[in-house]
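Protein sequence lines correspond, in order, to chains A and B. Under our numbering, the first residue of the first sequence is numbered 5, with each subsequent residue one higher. Under our numbering, the first residue of the second sequence is numbered 27, with each subsequent residue one higher. Built from N, CA and C at the ideal position, the CB exists for glycine as well. Here is the structure we will look at.
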Amino acid sequence: MEQLHATADADALSARISALLDANRPAVARQLLSAMQRLAPPSPVISELAVRVAVGEGRPEQALEELDAGISQFPDCAALRRSRAEIRLGMDDRIGALADAAEAVVLDRNDPAAKALLGVLLLEHRRTKDALACLNEAAAADPANPAYCQYLAAAQEADGDIDAARATLATGTASAPTRVDLRNAAILLAIRHSDFVGACRLAEEARVAGVADACTFGLMGHALSSLGHHTDAANAYAEALKLGPEDPYVRHLVAAAGILPSEPRAPVDYLRAVFDGYAERFETHLIALGYRVPGLVRAALAQHPCITQGERLGPALDLGCGTGFVAVVLSDLPVAPLVGLDVSSRMLEVAAAKQLYAELHQADLMSFLKEDTRPWRLIVAADVLPYFGALADVLAAVHGSLEPGGWFIFSLEELLPDHQGVVPGGGEWALQRQGRYAHGIDYVTGAACHAGFVIRGLQRQTLRHEADAPVAGFLAVLERPAT
Amino acid sequence: MIADAALERLYAGDPASALAMLDAAAATDTLDPALLVATGIVQLANRCPERALPALRSAVALGETAPTTLLNLALAELQAGDAARAFQLMESLELHLPEWEETPLRLAEAFRAAERMQEAERAYGRVLDINPQRESALLGLAGLLLMRGEHETARELLLRCCGIAPHRADAWDTLGFALRATGDVSLAESAFARAHELAPHVLQYALHRVEAAHASGNEEGLLAWLDVAVQADPLNPVLSAARGIVLEHLGRPAEAADALEAATALAPEACLPACLLGEVLARSNRLKAAEVALRRGIELAPDNAELRNTLATVLFRMHRHAEARSELLTSLERNGERTNELCNLANVTACLGLQDEGVALARRAIELAPDAVLPRRALCSTLSYRDGTTGAELLAALRDSSDRLPREHPAAFANRPDPERPLVLGLLSGSLRVHPVGWLTVAGFETLDPAMFSVICLAQSAADDWIARRFRSLAREWHDVDTLGDAALAAKAHALGIDVLIDLGGYGESARMPACAYRMAPVQVKWVGMQNHSSGLAEMDWILTDRWETPPALAHLYSERLLSLPDGYVCYSPPPYAPDGAPLPASSQGYITFGCFNNLAKITPRVIATWSGILRRLPDSRLVLKAHQFADADTARRVLAEFATHGVHPARLELRGPSGHRTFIGQYNDIDIVLDPFPYSGGLTTCEALWMGVPTVTMPGETFASRHSVSHLSNAGLGDWVAADIAGYADLAVAKVSDIDALATLRSGLRARVKASPLCDAPRFGRILGAVLRYAWRDWCAGRRSVGRA
């Protein structure tokens, strides 16, 4: 029988480990690293390999330990310093990362990677001019490196020189035309500066060149949508979904365009993505749209016996509270304690700043209603149920969470006939192009009764204006019967 | 003195130095018997019997007739190839020295090497009569008894042997086999483990231990042990290799390959780890890496037939057909005809456009193994490409193949026979990825009503490309089934409660349709995936088709009932990276460029003759053929020569080899009209051509595979591109080029037309697919109710 014994060629083993790490195969690299550590004495090369293995396996703490040990043994090794800077940056230790990157540049002034890293860290520390200097040097030393190009463009953008950033990305794309990340960075730069036409042009160039990924098509969809080209935007989102089928945000938009069957509600991840991205300009945007729902809620609530008698009404739950619009309009009414709930942490940050809520929770409303056993006297959902198609589950959950006699006030958008006069969704509910659901009044009535509610009010209302046209909807006031 | 010193050096492990001493002494004294005997022994140890022989013969001639000298002479004769002389010498020696156990022992080993097993057994018996404790005889005899099924006796002998020589790893290893054969699975694992511990650098012992753990269900335990052992001794390649095999058994192929790659890196000169790595990578669909490992293995063991066959299949799967064929021919030449190699050779030969030869090879394989499924499957595959195969002939071959599958049906299904309830669909395939199956089915599944259908994927050789991720996103559950046998796979499908099982693999690459013979679900449906015709499988209830693929007149050529879709039977999902179409090349070039980007397997001699006729009628026209196979210069030359025999100069042809998919479809911008092959038409290829604005002239036949293009063209509103016979096909091609402006107009609007047609209308397709699957389900429910009433 043949006996198998290990090679004694440490150099060959080292080269194999490095190749495996380049191929993103840290597990097998680790096995060989253990062998290598038996075969050869400690060296900066082994330390670097050990760090790369730990990083590849997603164990930054282990990488940091290896680096601390390696640097104490080989303090003049610039590569180890640079690695530690990268690890510290990844672990949010920006001060330590900056110190290491600076030391790496001092130890090896010809290493563009160290300069680029230092530039990125300086940019994070808002030392834009210093960052620009470093990144210019790195990009000059290695002009074909697309990452340096992106970093430099980011620094130029931070410095307010958008044209320079655009030119840097254009130059980078010209020298590395197959790099989709550079193209996407350029499209994103255009979108960030509201140059949607430019973004569409860049995305189209990427598509024609065959260098477009899911992100490119998604950005194209966003730019087209911003220009009001909704059909083209839907097609772009559909292509994005083919290449990135895991993205719930894009999936919902594709379903909204009728290309995929619609789910009975918008995915939580979609809502989180939309409202996290929207939080900063949410209120100004809604005000500009003439958003009426909080006022309608207040008017409906003014009819509540407690309010008319001047008694406190609570506890009250504001589902999908967003930035706290409802809390603001109810702030002079005796509604307390008021608890807010939203899926978006960014929206909740704005809501918290208003200091009008006794509690704020970040959760999906269905999960919250299932887990929180408190009985509520009032539940409000302003512009929330338009993200649900089928209402049976959500109405049942709210009904179960209200105490007898409790009220549920919510808004819905009305399901209207399409341009051919056909009411979609069999007149019950349908997902609309904007990603929200609209409902037929008969369906809402039936669903409310089926859930056990008494309908105290269900009135057609204009909810807001879009493109100067009123958006039709309902304001519903339901009561859980006392017995 | 010199002779003794030389032998001492030999026994100390320094044969070179021993030989040098003896050579120096022989220079002065060539007639010293002791020196000659020592020279013979050293040369034997060096495996140089031809040098040992003259020395030993001279020693005997000089009167040195000690038993050991005579025995060494016999061994030298044996090793030098004169077995008769060797046996004569040993038998004579045994006769003179009947109490000396060494002679019958060597005789037994010689008999065994000569496959004279009964004589070997008797000789071992004589050794044990003289010395019942002789461990080599105990082990040798036990091995022979094991081979002829005397497991109990063998086990007793081996237990004695291990008691006498507990340090002998080979004895423990053989005991493991004896214990396994007598049903002591757990003890067998212990025996193999002991062998492995005693010889930790012998991979075979470790592999036997792994197999024993697999049989006893103790693989998790062994893996835990190996994890610790590898950490303690990371330089031992045996531990890494064994760990790799355990991991593969446990359904963790990526980690298995990692462990085996570590073993090959640690022992780069060893053959077995490279072979094991190559096989694991091949099974995991990591073909390029598999090729590297397998080639390394073949370099180290050029006569290993299995290895060469595996390499050929890997090359085949990478569309390197000519190289695959060369490997298979080498294997057949070195090792003789073997069924598996012949089957692979049949398929690869057909893929090189030699369809008749492929069919003949498949038939030869059937002669060698008439009851085996694989040769029958090779016949079905090659027949579908061959010119002149009728639907009835193909159906008969498919039935012959399917009837030989092992099968066992469950007593009853527990699925609730409610005709309107939400259904669980099971997708069974090795092609849920970038593959014709993916391109033509994924959009249909994505657009099924999620309230009425949930999908469970049963995936073989799972990939991680963007179409695979589309399947993963639409699926409620995803199960990798590579490690499950067919019966176990069927049992899993039952446990998952699958209502309708859709096979998307057929008998093709990574095929799991044979598991359908066990009945995986109450309703079984065949759809895309090596769907050259009917499945021929009695347990396949339905086949998804359409009125063009299977008009009523051809329904009798199917073993399944037809689920006939009103539009096309597939939904094409074009790639987002497809280049834009270009204007008609003929408009600027002044001549027509025909093209066919189909697999060379579809291009028969009659297709070449027909195309040549068209080219002769249009003297300025050109033909571009594009196929993986044209990367091979010999294949390209052969095809050009065949056209030349029909009067078409090679300058009018352009043969293009493989390219990336975007480049592939982009090359339709060079083509005015596609000429479809027959009898196996283009499927996905026709859809891609349409997407690029290029129509196809087609001629359907009887088989399913011959009618793909007519289905796709009809769905795109191009029914006027379909010919009824070969003369009509040629006339149609010639007629269509007569109006260049009409062609240019058609081309400029074709993508939009196709996009709006049922061929690409995914929401429409999803609704129809849901309706026909519901129909099949209701049919089963109705059957259950009528059974209940009866």
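Using only the alpha-carbon positions, how far apart do Val264(B) and Gln7(A) sit? Taken atom to atom, the span from the alpha-carbon of Val264(B) to that of Gln7(A) is near 9 Å.
Leu126(A) at chain B interface by Cβ criterion, 9 Å: Not an interface residue.
Contact list for the segment 458-473 of chain B against chain C, Cβ threshold 8 Å: Of the chains in the structure shown, none is chain C; the protein chains are A and B.
My parser needs the alpha helix (DSSP H) runs of 4 or more residues fully inside the segment 394-480 of chain B; what are they? Every unbroken stretch of the alpha helix (DSSP H) spanning 4 or more residues and falling wholly within the segment 394-480 of chain B is given here in chain order: 399-411, 417-429 and 462-472.
Does DSSP put Glu359(B) in a helix, a strand or coil? Secondary structure at Glu359(B): helix, using DSSP grouped into helix, strand and coil.
Cα-Cα separation, Glu446(B) to Gly796(B): Roughly 12 Å between the two C-alpha positions.
Three-state secondary structure (DSSP) at His443(A)? DSSP, read as helix, strand or coil, puts His443(A) in strand.
Could you list the residues in the segment 492-512 of chain B with a C-beta less than 9 Å from some C-beta on chain A, going in chain order? In summary, the residues of the segment 492-512 of chain B whose CB is separated from some CB of chain A by less than 9 Å are Trp492, Ile493, Arg495, Arg496, Phe497, Arg498, Ser499 and Leu500, in the order they occur in the chain.
Counting beta carbon pairs with one atom in the segment 428-438 of chain A and one in the segment 300-317 of chain A, are three or more of them shorter than 8 Å? Between the segment 300-317 of chain A and the segment 428-438 of chain A, the count of C-beta pairs closer than 8 Å stays below three; the two stretches do not touch.
Determine, for Gly792(B), whether the minimum Cβ-Cβ distance to residues of chain A falls below 9 Å. The beta carbon of Gly792(B) sits closer than 9 Å to some beta carbon of chain A.
Just to make sure I have the definition right: I need the residues of chain A whose C-beta is within less than 9 Å of the C-beta of His234(B). Which are they? Residues of chain A with a Cβ closer than 9 Å to the Cβ of His234(B) do not exist, since the nearest Cβ in that chain sits about 11 Å away.
Return yes when the Cβ of Ala159(A) is within less than 9 Å of the Cβ of Ile195(A), no when it is not. For Ile195(A) and Ala159(A), no; Cβs fall outside 9 Å.
Pro789(B): contacting residues in chain A (beta-carbon distance under 8 Å): The answer, in chain order, is Gly262, Ile263, Leu264 and Pro265.
Which residues in the same chain as Val49(A) place their Cβ atom closer than 8 Å to its Cβ, once the five residues preceding and following it in sequence are excluded? Counting only Cβ-Cβ distances below 8 Å, and skipping sequence neighbours, we find Ser18.
Whole angstroms is fine: what's the gap from Arg276(A)'s alpha carbon to Glu161(A)'s? When the Cα atoms are used, Arg276(A) and Glu161(A) turn out to be separated by approximately 27 Å.
I want to verify the contact list: residues of chain A whose CB lies under 7 Å from the CB of Pro784(B), in sequence order. For Pro784(B), there are no neighbours in chain A by C-beta distance under 7 Å, as the nearest C-beta there is about 15 Å away.
Please list the partners that Phe457(A) has in chain B, where partner means a Cβ-to-Cβ separation under 9 Å. Within chain B, no residue comes near Phe457(A); the closest Cβ sits about 24 Å away, beyond 9 Å.
Name, going along the chain, the residues of the segment 592-617 of chain B whose beta-carbon falls closer than 8 Å to a beta-carbon of chain A. Those would be Ser599, Pro601, Pro602, Tyr603, Pro605 and Asp606, in chain order.
From Ala270(A) to Leu121(A), what distance separates their C-alpha atoms? For the pair Ala270(A) and Leu121(A), the Cα-to-Cα distance works out to about 40 Å.
List the endpoints of the continuous beta strand (DSSP E) containing Leu133(B). Per DSSP, Leu133(B) lies in no beta strand (DSSP E) segment; the continuous alpha helix (DSSP H) that holds it begins and ends at Glu128 to Ala139.
Counting contacts by CB-CB distance shorter than 9 Å, is Tyr694(B) in contact with chain A? Closer than 9 Å: no.
Would you mind telling me which residues of chain A sit closer than 8 Å to Arg688(B), beta carbon to beta carbon, in chain order? Here the neighbours are Gly214.
Simplified DSSP assignment, three categories, for Val215(A): It is coil, neither helix nor strand.
Three Cβ pairs or more, each shorter than 8 Å: is that satisfied between the segment 717-732 of chain B and the segment 392-408 of chain B? Segments in contact, no.
If you check the beta carbons only, do Thr724(B) and Ala749(B) fall under 9 Å apart? Yes, Cβ-Cβ distance for Thr724(B) and Ala749(B) is below 9 Å.
State the Cα-Cα distance for the pair Ser77(B) and Arg35(B), rounded to the nearest angstrom. Inspection of the sequence shows that residue 77(B) is occupied by Arg rather than by Ser. Between Arg77(B) and Arg35(B), the alpha-carbon positions lie close to 19 Å from each other.
For Val481(B), which residues of its own chain have a beta-carbon under 7 Å away from its beta-carbon, when the five flanking residues on both sides are left out? Counting only Cβ-Cβ distances below 7 Å, and skipping sequence neighbours, we find Leu451, Leu453, Phe471, Leu500, Ala501 and Arg502.
Looking at the secondary structure, which residues open and close the beta strand (DSSP E) in which Phe414(A) lies? Residues Leu406 to Glu418.
Can you give the beta carbon distance from Ala612(B) to Asp698(B), rounded, assuming they're within the 8 Å contact cut? With 8 Å as the limit, Ala612(B) and Asp698(B) qualify as a contact, their Cβ atoms being about 5 Å apart.
DSSP three-state label for Arg296(A), please. The three-state secondary structure of Arg296(A), taken from DSSP, is coil.
Could you say which of Val650(B), Lys652(B), Val665(B) and Gly616(B) lies nearest to Thr630(B) if we only look at CA atoms? That would be Val665(B), whose Cα lies nearest to the Cα of Thr630(B).
Please compile the residues from chain B whose C-beta is within a distance smaller than 8 Å of the C-beta of His9(A). What His9(A) touches in chain B: His227, Pro263 and Ala293.
Within a Cβ cutoff of 8 Å, which residues of the same chain sit near His275(B), ignoring the five residues on either side of it in sequence? Excluding the 5 residues flanking it on each side, His275(B) has same chain C-beta neighbours closer than 8 Å at Val236, His240, Glu245 and Thr509, in chain order.
Which residues, taken in chain order from the segment 346-371 of chain A, show a beta carbon closer than 8 Å to some beta carbon of chain B? Nothing from the segment 346-371 of chain A brings a Cβ to less than 8 Å from some Cβ of chain B.
Sheet register partners of Ala476(A) (DSSP bridge): Ala476(A) is bridged by DSSP to Thr466(A).
Does the pairing of the segment 389-396 of chain B with the segment 527-542 of chain B give three or more beta-carbon distances under 8 Å? No, the segment 389-396 of chain B is not in contact with the segment 527-542 of chain B.
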